[in-house]
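Have a look at the structure below, then the notes.
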Amino acid sequence: MATIPWLVDVLRSAGVQVVVEGDWLNRMRPGSFDPIGVLWHHTAATSSASNPHPALNICINGRSDLPGPLCQALVDYHGVFHVISAGRCNHAGTARASGPIPAGDGNTMLIGWEIDYNGVSQEMTAAQYNASVAATAAVLKRLGKDASYARGHRETSTTGKIDPSFIDLNVMRSDVAAKMAGTPAWSSIVDNATAGRFTASTNWGTSSYSGQRYGADYRFADPVLASDAAWYKFNVPAAGSYRVDAWWPANAGYNSSTPYIIATSSGNQTIHVDQRATGGQWRTLGTFALPAGDANRVAVSRWSSASGLIIADAVRLTRV
Numbered sequence: 002m003a004t005i006p007w008l009v010d011v012l013r014s015a016g017v018q019v020v021v022e023g024d025w026l027n028r029m030r031p032g033s034f035d036p037i038g039v040l041w042h043h044t045a046a047t048s049s050a051s052n053p054h055p056a057l058n059i060c061i062n063g064r065s066d067l068p069g070p071l072c073q074a075l076v077d078y079h080g081v082f083h084v085i086s087a088g089r090c091n092h093a094g095t096a097r098a099s100g101p102i103p104a105g106d107g108n109t110m111l112i113g114w115e116i117d118y119n120g121v122s123q124e125m126t127a128a129q130y131n132a133s134v135a136a137t138a139a140v141l142k143r144l145g146k147d148a149s150y151a152r153g154h155r156e157t158s159t160t161g162k163i164d165p166s167f168i169d170l171n172v173m174r175s176d177v178a179a180k181m182a183g184t185p186a187w188s189s190i191v192d193n194a195t196a197g198r199f200t201a202s203t204n205w206g207t208s209s210y211s212g213q214r215y216g217a218d219y220r221f222a223d224p225v226l227a228s229d230a231a232w233y234k235f236n237v238p239a240a241g242s243y244r245v246d247a248w249w250p251a252n253a254g255y256n257s258s259t260p261y262i263i264a265t266s267s268g269n270q271t272i273h274v275d276q277r278a279t280g281g282q283w284r285t286l287g288t289f290a291l292p293a294g295d296a297n298r299v300a301v302s303r304w305s306s307a308s309g310l311i312i313a314d315a316v317r318l319t320r321v
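Counting in this note's numbering, the sequence shown runs from 2 upward without gaps.
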């Protein structure tokens, strides 16, 4: 049986923080292991800063219905890779064809990252995402494969798995490809306090109430069926595809259908988000074609029929 004893060295060389969990070199399932790609999962456990890896023991030892190890590495809340196994693990099961990955035994073909978040009311943290992109890029380089060999479990599952939730897997592959090429993508953040880049009427108040805010404060307003948007201005360097991420503090009293308007090359597109949940982190609104130039590109609109305060905090554009 093949193993990947190089895994820890490759991850550390990529700048990924690693914790080795016991006898990882000899902890594995029986059977063949000849990996050609990397598979992303989420654990379905709720992690936090104070409890960063609640599923670690299960990933090492398994469950009553599925013996461990259940992945080659678990990625905790802080983006730390807990390396569990250098060999075959029970993480992928029977795989359907996805991209360049053929149908077959996923445990033979794929190295698995279990990213520790619940995937229902919780997204992966930015630290988890960034570390997983760096690790995936480094491992695929070692395997001699390109970014198309990075897949999500929901793409290969034959049993309806949904993991990893709350990420665009095509964007993930674009980020892995950029990391492998060594050419960081253009990215820019505009906060509500960024001078000359944020505009809003006097109807928008300012608050620092929530600890989930980006920066020193954020803006808020009541919903109203009228046009009174807060705009974020970006100097887009070239026409192309850009991922739009938004950051807001979440609260049960905030709006469940906050409209974000993206001024694309083909006209305005509106995305509605629930600002009662998934606060204090970047959340992807989608990938859009944007024209070059310095102009208002993203807005938070007050035009919502839902109750609760509308929040305007920070927006990030990243070229993909």
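Built from N, CA and C at the ideal position, the CB exists for glycine as well. All of these numbers come straight from a predicted model, not from anything done at the bench.
Looking at the DSSP output, Q276 bridges to nothing. D246 places its beta carbon less than 7 Å from that of W283.
Between the alpha carbons of D192 and A93 lies a distance of about 40 Å. Taking a contact as a CB-CB distance under 8 Å, the pair K180 and A138 counts as one, their CB atoms being some 4 Å apart. When beta bridges are read from the DSSP output, N193 appears opposite no residue.
Q129 sits in a helix when the DSSP states are folded into three classes.
S33 and Q123 have their C-alpha atoms some 34 Å from each other. With respect to the 7 Å criterion, V76 and W114 are classified as neighbours on the basis of their beta carbons. Short of 6 Å from the beta carbon of G206, and not among the five residues preceding or following it, lie these beta carbons of its own chain, in chain order: F221.
A direct Cα-Cα distance of roughly 33 Å separates T285 from A87.
Between the C-alpha atoms of A45 and R155 there is a straight-line separation of about 14 Å.
In this structure, R97 is the residue among V172, R97, I263, I102 with its C-alpha nearest to the C-alpha of T159. It is roughly 25 Å from the alpha-carbon of T4 to the alpha-carbon of S65. Look at the segment 143-201 and you find these whole runs of beta strand (DSSP E), each 3 residues long or longer: 151-153, 188-192. Secondary-structure assignment with DSSP links F221 through a beta bridge to G206, I312. Residues of the same chain with a CB within less than 8 Å of the CB of P55, apart from the 5 flanking positions on each side, are T44, A46, T47, S48, D117 in chain order. For V17, there is no enclosing alpha helix (DSSP H), as DSSP gives it neither H nor E. Excluding sequence positions up to five before and after W232, its CB lies within less than 6 Å of the CB of T200, N297, A300, all in the same chain and listed in chain order. Contact between F235 and I263 is ruled out by a C-beta separation of about 11 Å, above the 8 Å threshold.
Per DSSP, the continuous alpha helix (DSSP H) segment holding L57 begins and ends at 57-62.
Between Y219 and D314, the C-beta spacing is below 7 Å. Taking C-beta atoms under 8 Å as the contact rule, V9 and V84 qualify, at a distance of about 6 Å.
In the DSSP assignment, G241 falls within the unbroken beta strand (DSSP E) covering 241-248. When only Cα atoms are considered, G183 and N171 end up about 18 Å apart. When Cβ pairs closer than 8 Å are counted between the two stretches, the segment 260-279 is seen not to touch the segment 146-155, the count staying below three.
Cβ-Cβ separation between A135 and G16: approximately 6 Å, consistent with a contact (criterion under 8 Å).
With respect to C90, L71 sits close: the two C-beta atoms are nearer than 7 Å.
Within its own chain, the residues whose Cβ lies closer than 7 Å to the Cβ of V21, once the five positions on either side in sequence are excluded, are V9, V84, listed in chain order.
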